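Undergrad: Input: one structure, supplied below.
Number of protein chains: 2
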Amino acid sequence: MKHSAALAALIEALRALPGVGPKGAQRMAFHLLQDGRPAARNLVQALAQALERVGRCERCRMLTEGSLCAICAHPQRDVGTLCIVESPADVVAIEQSGGYRGRYFVLMGHLSPLDGVGPEQLGVRELDAQLADGGIREVILATNPTVEGEATAHFLYELVRARGITASRIAHGVPVGGELEYVDGGTLAHALAGRQALT
Amino acid sequence: MKHSAALAALIEALRALPGVGPKGAQRMAFHLLQDGRPAARNLVQALAQALERVGRCERCRMLTEGSLCAICAHPQRDVGTLCIVESPADVVAIEQSGGYRGRYFVLMGHLSPLDGVGPEQLGVRELDAQLADGGIREVILATNPTVEGEATAHFLYELVRARGITASRIAHGVPVGGELEYVDGGTLAHALAGRQALT
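Dropping the structure here:
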């Protein structure tokens with residue numbers, strides 16, 4: 041069955057959302073045009089407004105409305121520690137863990153030459169300028185534990201080392217609360233290799 | 041971590057989409073504002089346009105851009121058979137099955153007195169007017185096999201019978217391609233009760 045033009049365009053537009061397939065997009069479109077019209081108008085407005093207002097922090101590239109994000113503008117954050125992550129969602133996750141008081145640098149992706157994502161796209165030039173400025177004592181490489189994330193971490197490690205700054209990589213291992221039985225072999229191997237002495 | 045106002049508003053607006061929780065909404069928002077800006081602008085436009093253009097078919101209440109939907113306007117559809125469904129997605133599903141050539145009536149919901157959804161909200165008055173018009177020989181009650189769907193079908197059955205028109209209910213039974221072992225008891229009981237003689 042063919043949808044009318046405006047409906048088909050809406051379904052197609054909704055498919056651009058992450059994790060939304062053709063059936064899910066159709067369900068969303070019907071919901072928005074059926075009972076969800078106030079919510080749909082609200083979404084149009086919120087999305088248009090966010091597109092207009094939300095840009096990137098000029099220091100760490102985090103999504104923000106001002107020129108500096110809340111973390112970079114915060115006077116109590118430790119300016120000597122810089123945590124490099126792939127995406128804004130990673131910043132949110134680390135902030136929620138509550139264990140970090142330094143600043144961030146958000147790559148907005150990882151090295152992926154086939155997709156045309158090189159150091160330039162990840163803001164490595166701006167990052168290097170911050171490293172050159174002095175003041176940063178340690179860089180924590182918190183890219184994802186994927187092939188691309190590891191490659192990106194390795195690339196950044198060389199950059200950080202060239203500036204004479206300490207670099208560290210987040211620990212890979214068994215998730216807290218998990219069961220060894222269900223952990224994959226690669227993670228277990230990392231957990232064993234990275235074992236820590238009990239004191 | 042607190043999001044900026046425009047970002048928080050966007051995440052909240054995305055949560056109105058069916059099947060989208062707080063984490064999913066945040067992921068969508070970040071995606072739309074990060075790499076997905078062209079897609080986001082497209083979504084704003086498509087949604088605004090659909091809200092403006094897509095209304096309901098004045099005959100069957102299906103979502104459509106004109107005054108009549110493509111099915112109601114189609115000269116080859118059997119006007120003697122009317123299939124009553126809960127939602128536009130059901131129309132799409134039945135059309136894709138390819139086994140139906142009659143018309144539809146879309147309730148846009150089911151009877152749910154606690155939510156304030158009575159016969160009036162489901163367009164029962166318009167439906168009854170169509171039944172009174174004559175020309176309809178059979179009404180197929182294709183509401184969902186849920187408690188509310190069954191109650192709605194029962195209510196409509198009385199209405200259809202009062203007009204002297206044949207009413208039928210879609211068959212409940214074992215899904216084609218399914219395995220008996222994994223079918224729930226209620227469905228199996230229906231499948232047994234509704235068994236058909238082999239000829």
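Protein chains in written order, with our numbering: chain A, 41 to 239; chain B, 41 to 239.
All C-beta atoms in this analysis are idealised placements derived from N, C-alpha and C, irrespective of residue type, glycine included.
For clarity, every value in this text was computed on a predicted model and none was experimentally measured.
1) Using the three-state DSSP reduction, which class does A/Gly-64 fall into: helix, strand or coil?
2) Would B/Gly-76 pass as an interface residue toward chain A - the criterion being a Cβ-Cβ separation below 8 Å?
3) Under the rule that 16 or more other beta-carbon atoms within 10 Å means buried, what is B/Pro-62, buried or exposed?
4) Look at the alpha carbon of B/Ser-137 and the alpha carbon of B/Asp-130, and state the distance between them as a whole number of angstroms.
5) Skipping 5 residues on each side, what residues in its chain have a beta carbon closer than 7 Å to that of A/Gly-106?
6) Is it true that the CB of A/Ala-46 sits closer than 8 Å to the CB of B/Val-94?
7) Alpha carbon to alpha carbon, what distance is there between B/Gly-59 and A/Glu-92?
8) Which value, in whole angstroms, describes the spacing of the CA atoms of A/Cys-109 and A/Tyr-222?
9) I'd like to check one pair, A/Arg-177 with A/Ile-205: are the Cβ atoms closer than 8 Å?
10) Please name the residue or residues paired with B/Gly-95 in a DSSP beta bridge.
11) If I follow the unbroken alpha helix (DSSP H) through B/Glu-135, where does it start and stop?
12) Assuming A/Gly-163 contacts A/Arg-101 under a Cβ cut-off of 8 Å, what Cβ separation, rounded to an integer in Å, is found between them?
13) Compute the beta-carbon to beta-carbon distance between B/Leu-171 and B/Arg-203, rounded to the nearest angstrom, for a pair I have assumed lies under 8 Å.
14) What would DSSP say about B/Leu-181, mapped onto helix, strand or coil?
15) Is there at least one Cβ from chain A nearer than 8 Å to B/Ala-207's Cβ?
16) Among residues of its own chain, excluding the 5 on either side of B/Ala-211, which ones have a beta-carbon nearer than 7 Å to its beta-carbon?
17) Could you confirm whether any beta carbon from chain B is found closer than 8 Å to the beta carbon of A/Glu-105?
18) Counting only C-beta atoms, is B/Gly-64 closer than 8 Å to chain C at any point?
19) Identify the continuous beta strand (DSSP E) that holds A/Tyr-197 and give its terminal residues.
20) Using 8 Å as the threshold, is the C-beta distance between B/Ala-193 and B/Thr-186 below it?
21) Leaving out five residues before and five after B/Tyr-140 in sequence, what residues of the same chain have Cβ atoms less than 7 Å from its Cβ?
22) Which first and last residues belong to the alpha helix (DSSP H) in which B/Leu-232 is found?
23) Looking at the strands, I want to know which residues DSSP matches up with B/Tyr-144.
24) What is the rounded straight-line gap between the Cα of B/Asp-118 and the Cα of B/Ala-207?
25) Show which residues of chain A have a CB atom less than 8 Å away from the CB atom of B/His-71.
26) Note down, in chain order, all residues in the region 116-137 of chain A with a beta-carbon under 7 Å from any beta-carbon belonging to chain B.
27) Helix, strand or coil: how does DSSP classify A/Ala-211 here?
28) Would B/Val-84 pass as an interface residue toward chain A - the criterion being a Cβ-Cβ separation below 8 Å?
29) Run through chain A and tell me which residues come within less than 7 Å of B/Ala-88, C-beta to C-beta.
TA: For this structure:
1) helix
2) yes
3) exposed
4) 11 Å
5) none
6) yes
7) 27 Å
8) 39 Å
9) yes
10) B/Thr-104
11) 128-137
12) 5 Å
13) 4 Å
14) strand
15) no
16) Gly-234
17) yes
18) Given the protein chain composition of this structure (A and B), no chain C is represented.
19) No beta strand (DSSP E) holds A/Tyr-197; the alpha helix (DSSP H) holding it covers 187-202.
20) no
21) Cys-123 and Ile-134
22) 225-233
23) B/Cys-123
24) 16 Å
25) Leu-57 and Pro-58
26) Ser-127, Pro-128, Ala-129, Val-132, Glu-135 and Gln-136
27) coil
28) yes
29) Val-84
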